[in-house]
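Residue numbers (the numbering used here), protein chains in the order written: chain B, 5 to 353; chain W, 36 to 317; chain D, 964 to 1216.
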Amino acid sequence: MKNIINPVSIHLIAQFLLLFLLFTANLFIGSVDLPFEEVWRVLSGRVTNDGSPAIHIVMQYRLPQTITAVIAGSSLAVAGLLMQTLFRNPLADPSILGISSGASLGVAVLLLVSGSLIGSNSVADGWVSQMGLIFAAFIGATAVLGLISWLGKILSNIVSLLIAGIMIAYVAGALVGIAKYFSQKEDLQAFVLWGLGSFSNVGLSQLPYFAFGSITGILMALLMIKPLNLLLLGEGYAANLGINVKRVQMFVLVIAGFLTAIVTAYAGPVAFIGLAVPHLARNIFRTSNHGLLIPAVILTGSSLALFCNLIARLPGFDTSLPVNAVTSLIGAPIVIWVIVRRKHLFTNE
Amino acid sequence: MAALSSTQWGPLIKLDRVQVVKGVSESAFIADTLMNQLVKRGEVVDLASDGQYDIEKLMVMKPEVILFSPDPTGVPTPLKMTGLPMIAWPDYFETDPLGRTEWMKILGVLSGVSQESVVLFDSIATRYEQLKSLAARVTERPVVFADKAFAGQWYVPGGKSYMSQIFKDAGATYVFSDNESEASFPLDIETILAKAGDADYWRIAQAARGQYGYAEIKSENEIYASFKAFRDHKVIYCNSFETAYFERGPLEPHLILADFIAVFNPTLITGHKPVFHQLLKP
Amino acid sequence: MKQPFLQIQKLSIGYRNLKNPLILPIDVVAEKGQLIALIGSNGSGKSTLLKTLSGIISPLAGHIILDNQSLEQISSYDKSLLVSVVLTSYPTDFFLRVEDVVAMGRYPYVGFWGRLRGNDREKVDQCMSVCGISHLKGRMMVDLSDGERQKTMIAKALAQDTPIMLLDEPTAFLDYPGKLELMVLLKTLAIREGKLILFSSHDLEVVFKKADIIWLIAAQKKLLSASPASILQSNYLPEYFNQNQQYFDFKLD
């Protein structure tokens, strides 16, 4: 039995503490400056309903938002890790196969096209509910995922599939562009808003569904630890070690695609978490073993999403920044930092 | 003439000079019955749909003047290409309700009924001022907020906006009246909860088709149930699709004002029949 | 009578979309403990034969009989216990450590989650030590020299504990001492571990010095199996490589 205080355990514990800290911070800090004691009283259940807005802000707004950030962050991070392993490409991320573009297309059809068809501004007119958006995004994303899976059966290798996926993303993007061109100002603005991402779209009663879908996807990913590690060796070695490479690749693709679809449906497109977190986790834990990496990216992904959400809603400003912009602003430098640091690791030896 | 916005041809119907209008835009969204009939019969041509001008139709029509809403670059480039005479119509920048109405005087000049338009405007202005002074006497001003969240952002009317002014004139206190903005601006949902969570009234205007009530509001976003105005069933609702609010409202602000006064202080106007806004029934 | 460990009967290889098989049908046998070098000019079908033998591509016709079983009837899992490979590609993932790669050779033997047990770890250590890479423990794959990387992949194949090991161009990119060192390692493995080791190579000089048997192939010719000495005495090399005799002017030890 190894000593429990090895570097990996220390990192895991540190990550867990960080996650807990950020989770708490997200409940205590927000655009509205609530006194610390008041939030504490709400959380400890000592405020039932004394007419103060604190209970609503904390329980109905900050809590679901914080949980949504955790679910979205961990799901995207796992999806990104799977895509990077699948394509053996450090630039792969959950959006690479056009799955989030598919979600955008679904939402564009709902917001922009259907509005014109029945002669109404969908958003200004209020007939688009949050559920409708989630549904449209999920339909769009899974349609692309279905198309990709079908192509995966036809195409002989994973690189062709990658190219096909990128092309599908372009086509979906172009269709979104056409829909935008023919749409009303108000609907366009709504579409732009959706595209900025938000963790506050999921109400408490919707959370269980979101959580269930996401946890299912992550559990499936955990069942794939061994084949995922083998994929790192390359297809030839993996096949020689007894796995059905093609079947494993399709399975990994569907899991990653499903996780991306569900997050994009509930939170809109959220960039860079799926790309940056696997790099960050590999750098922290210095491993490429999925048995450790999957739990690691779950922790790191949740923390990064919570951190971004915190930045987006810093107190002192009445408004919140778009989540998608914050994740990009923070995610991109992380990727650069990881690459620069690696260069040092291997040239200064 | 080509009147590309409903606030341009709306007053002409009221002034009985709609025959000068030969072109409109976005006919799919027009609620007015008369104008819909004219478009259907081909007497009025739809010159733009989905935000795109049909420049060829416009050039064939050769209107004597085009009334248009300026975009951020001034004259939209496609319109500029026609070389036809144009008048910019930025009436929506007016934050004073009567200011917006007063644009009808220009329409009167353009359509040869200048005198009538002045008379019409004066009567509307008088009625508005009467209602306003009626509401000014109230001692208890209920608190009101407006609109809904979308994708994590909640755009609310600015403190110096048209809506803010009407709320004030109707004897209510608008939650964000201290704000300096004339246009809508975004706020984080929790900011709205903190400031408007226990406001008395909540005004929503939209063009919903079919059933719309408290259950539908809650299904859009559960956070809405946290507002006192929602729990007390004090949502002031305007279905702009049924009431032609966006077409007639700017022309007849006294009707908007009357609706609000009737909600905020029912004792001031008895027997009022709501035109645009009324409390959403539980 | 005991059957040979590896029997290849009337085997046609190649890719199905090509009209003609690369070489004439192959008939050859091999035994455990032999170090066999597969040589031939570029495009003669060396890689294709290795891929066919490892089961990555299927034969066009004929049979491969391994330990009295037809290769095509062996499940991919059972195949992983019979044949191990060292390919020309190598893993490039950034944080893949040497011991992690070797450990993956044990994956056919470990449970669902891929966790190594004590005896698996011993096996990994032992294979690393046999291949002379124990000192590389903890190093990342991307950080290795070509020779070190090649040895790591061989240690992985060794950890897989299969009677047959197939290597595609293991000596490429190595300097001359490196090539020799690798040949010595393969020879040791063949003798000490009793493995049938088949590898392809272009490095004729080291190959003829160390291999037990040479398989010579060329387009539209029969596969020729013979000892290095008898091949050198014959005229087959110029014929199979389509070159003059002086190209092959080297001595055996």
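Every residue, glycine too, gets a C-beta built ideally from N, C-alpha and C.
Secondary structure of D:Phe968 (DSSP, three-state): coil. The Cβ-Cβ distance between B:Ala269 and B:Ala141 falls below 7 Å. Around the CB of W:Met70, 16 or more other CB atoms lie within 10 Å, so the residue is classed as buried. Exclusion of the five residues before and after B:Thr304 leaves Val281, Leu284 and Ala285 as the residues of its chain whose Cβ lies within less than 6 Å of its Cβ. Judged by DSSP in its simplified three-state form, W:Val100 adopts coil rather than helix or strand.
Restricting attention to alpha helix (DSSP H) runs no shorter than 4 residues, the stretch 1072 to 1117 of chain D encloses them at 1081 to 1093, ordered along the chain. In this structure, B:Ala168 is the residue among B:Ala168, B:Phe139 and B:Ile143 with its C-alpha nearest to the C-alpha of B:Ser153. Taking 7 Å as the cut-off, the Cβ atoms of D:Ser1163 and D:Lys1009 count as close.
In chain order, Pro57, Ile61 and Pro319 place their CB closer than 8 Å to the CB of B:Val36, counting only its own chain and leaving out the 5 sequence neighbours on each side. Of the residues W:Ala297, W:Thr302, W:Glu91 and W:Phe128, the one whose Cα lies closest to the Cα of W:Pro192 is W:Phe128. Check the Cα spacing between B:Gly144 and each of B:Leu166, B:Leu155 and B:Ser105: the tightest is with B:Ser105. For D:Phe1162, no Cβ of chain B is located within less than 7 Å of the residue's own Cβ. Under the Cβ criterion of 7 Å, D:Gly1077 is counted among the residues facing chain B. Counting along the chain, D:Leu1034 sits inside no alpha helix (DSSP H), nor does DSSP assign it H or E at all. At a cut-off of 7 Å between beta carbons, D:Tyr978 makes no contact with chain B.
Nearest neighbour of W:Leu303 by Cα position, chosen from W:Asn274, W:His312, W:Pro309 and W:Ala293, turns out to be W:Ala293.
Boundaries of the alpha helix (DSSP H) harbouring W:Arg162: Ser149 to Ala171, taken from the DSSP string. In terms of Cα proximity to B:Lys157, the closest of B:Leu116, B:Val252 and B:Asn93 is B:Val252. Under the 7 Å criterion on CB atoms, D:Ile1019 is classed as interfacial with respect to chain B. The beta-carbon separation of B:Ala76 and B:Ala215, rounded to 11 Å, does not stay under the 8 Å limit for a contact.
Residues Ser149 and Ser152 of the same chain have their beta carbon placed closer than 6 Å to that of W:Gly143, with the five preceding and five following residues left out of the count.
Straight through space, the alpha carbons of B:Ser332 and B:Tyr185 are spaced by roughly 26 Å. Ile229, Lys230, Asn233, Leu234, Leu236, Leu237, Gly238, Gly240, Tyr241, Ala243 and Asn244: these are the residues of the stretch 214 to 244 of chain B whose beta carbon lies less than 7 Å from some beta carbon of chain D, given in chain order.
Around the CB of W:Pro113, fewer than 16 other CB atoms lie within 10 Å, so the residue is classed as exposed.
Of all alpha-carbon atoms in W:Gly58, W:Thr68, W:Lys263 and W:Gln54, the one lying nearest the alpha-carbon of W:Glu282 is that of W:Thr68.
Within the same chain, and ignoring the five residues on either side of W:Phe299 in sequence, the residues whose Cβ sits closer than 6 Å to its Cβ are Pro177, Ala205, Gly206 and Ala207.
Per DSSP, W:Met70 is one residue of the alpha helix (DSSP H) stretching across Thr68 to Arg76. By the rule that beta-carbons nearer than 7 Å mark a contact, W:Gln188 touches chain B. Under the Cβ criterion of 7 Å, B:Gly144 is not counted among the residues facing chain D. A direct Cα-Cα distance of roughly 46 Å separates D:Val1048 from B:Phe311. Scanning chain B for C-beta atoms nearer than 7 Å to the C-beta of D:Met1067 yields Asn233, Leu234, Leu237 and Leu245, reported in chain order. In its chain, beyond the 5 residues on either side, Ser1047 and Gly1068 have a beta carbon closer than 6 Å to the beta carbon of D:Gln1123. Between B:Thr70 and chain W, the shortest Cβ-Cβ separation is not below 7 Å.
By the Cβ neighbour-count rule, D:Trp1076 is exposed, with fewer than 16 other Cβ atoms within 10 Å of its own. Here D:Asp1109 is exposed, its C-beta having fewer than 16 other C-beta atoms within 10 Å. Inter-segment contact for the stretch 62 to 69 of chain B and the stretch 291 to 310 of chain B is absent: fewer than three beta-carbon pairs are separated by less than 8 Å.
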